[in-house]
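**Student:**
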Amino acid sequence: MRLILSFFVILLLSTLPVYAAVDSDGSTEQAKTQELSKDDAIKALQGIQGEVVSVNPAEVPGLFRVAMRMQGKIIPIYLDASGSYLFTGNVIRIKDRKNLTEAHYQRLNPVDTSIIPLDDALILGNPEAPQRIFVFTDPHCPYCSKLHNVLHEAIKDNPELAFYIKLIPFKQSSKKITQTILCNKSMEQLEMAFSGQALPEPTCESDVIEKNLALAQALNIRGTPAIILPNGQISSGYRSLEDLLKIIAENQVDSL
């Protein structure tokens, strides 16, 4: 995600006109208003290749978050209230170390879940469920194993859930095991791997592992477990049952 944001920041800066607004006495211009409208942002950013989609107050006092569409993506940038100063880069909230810029980028650019192949997915829950949740997991990932147990609990709590499990062997030691599981499309063997049991040698050859790793890279998934929610939002890392059910409820789609 940081690589993508960096690319758009470079692109944005390359289109900026080279000038600076200063007062007649040489001091920097002070904000003349406490609000920034969409029209204000469009005027301030004229000459930059991109479309202003929305303007909202940022978490940082005095700044406004501007969503700009550039080359098919929507990126968050920041302007001050006067529209005189542009800020790019990551805004980090110190108390929880959360990268707010990345979070906004993800919210503005949800995953198109229709591009995720289903043929190799292991399904846990109701295959007819209208809301699909994708879980990217690695058989040798301890937190993936913990999350897998939570998925079972979630199904007991709500039998209408459907988890489509995609195997992403980021660990080199996971690749042969993953191939065995994919050859047999076996949820039982995945759960054996999670419990530390040995699996037999693979009985087939395929390029599914390479395709899944390429898909994870394209979706900016750099670790497991990772969950793609019905509306395309990504949640990284382990979630408790309460948290998982909450984010599923908050990120559903009206229809498929």
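Quick note, the sequence shown lines up with residues 683 to 938 if you use our numbering.
We put the beta carbon where it would ideally sit given N, CA and C, even for glycine.
1) For Ile-850 versus Asn-902, is the C-beta spacing smaller than 7 angstroms?
2) Comparing C-alpha positions only, which one of Lys-720, Ile-930 and Gln-813 sits nearest to Asn-738?
3) Please list, in chain order, all residues of the same chain as Ile-929 whose beta carbon is under 6 angstroms from its beta carbon, the five residues on each side excluded.
4) Does the beta-carbon of Cys-823 have 16 or more other beta-carbons within 10 angstroms, so that it is buried, or is it exposed?
5) Under 7 angstroms, do Phe-852 and Asp-801 count as touching if we go by C-beta distance?
6) With a CB to CB cut of under 8 angstroms and the five nearest residues on each side skipped, what residues in its chain are close to Thr-906?
7) Per DSSP, what kind of secondary structure is Pro-824 in: helix, strand or coil?
8) Going by C-alpha to C-alpha distance, which of Val-935, Phe-876, Ala-785 and Asn-840 sits closest to Ile-756?
9) Please find out if some non-hydrogen atom of the ligand COA comes closer than 6 angstroms to the beta-carbon of Glu-883.
10) Run through DSSP, which three-state label would Asp-889 get?
11) Helix, strand or coil for Leu-911? Go by DSSP, reduced to three states.
12) Three-state secondary structure (DSSP) at Leu-718?
13) So does the stretch 763-775 actually touch the stretch 802-818, counting three or more Cβ pairs closer than 8 angstroms?
14) When you compare the CB positions of Tyr-920 and Lys-858, do they come within less than 7 angstroms of one another, or not?
15) What does a CB cutoff of less than 6 angstroms around Phe-783 pick up in its chain, not counting 5 residues either side in sequence?
16) Which runs of the beta strand (DSSP E) at least 3 residues long sit entirely within the stretch 734-789? Give them in chain order.
17) How far does the beta strand (DSSP E) with Ala-875 in it reach, from first residue to last?
18) In this structure, does DSSP put Lys-838 in helix, strand or coil?
**Tutor:** From the atom records:
1) no
2) Lys-720
3) Ser-917
4) buried
5) no
6) Phe-818, Thr-819, Asp-820, Cys-823, Tyr-825, Cys-826, Ile-850 and Phe-852
7) helix
8) Ala-785
9) This structure does not include the ligand COA; it has no bound ligands of any sort.
10) coil
11) coil
12) coil
13) no
14) no
15) Correcting the residue identity first, residue 783 is Thr in this sequence and not Phe. Hits under 6 angstroms: Pro-758, Asn-772 and Val-773.
16) 745-752 and 755-762
17) Segment 869-876 is the alpha helix (DSSP H) holding Ala-875; no beta strand (DSSP E) there.
18) helix
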